[in-house]
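Presented below is the structure to which this report refers.
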Amino acid sequence: MTELAWFKSSYSGTQGDDCVEVAVTEQVIHVRDSKDVTRPHFTIRRDGWSRFVGFAAGA
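In structure tokens, the structure reads:
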């Protein structure tokens, strides 16, 4: 696997609290806790991520 390009959620605070980072690949979305990047991350398929984002946005 190549190096993932992680980016922080636009909803993450600037105080260093409760931050989520994601890395997008062609097949899946990788999700991790930005406060402890040494812990394992999880992956979700793109269609599942789309449903989650729609639900979180209130759609």
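Residue numbers (this note's numbering): 4 to 62.
C-beta: ideal position from N, C-alpha, C; glycine also.
Give me the Cβ distance between residue i and residue j, rounded to the nearest whole Å; I'm assuming they're in contact under 8 Å.
i: Val34; j: Val23; result: 6 Å
i: Arg49; j: Val31; result: 7 Å
Using three-state DSSP, classify residue i as helix, strand or coil.
i: Ala59; result: helix
i: Arg42; result: coil
In terms of residue numbering, what span does the beta strand (DSSP E) encompassing residue i cover?
i: Arg35; result: 31-36
i: Ala26; result: 23-27
Is the Cβ-Cβ distance between residue i and residue j less than 7 Å?
i: Ser37; j: Lys11; result: yes
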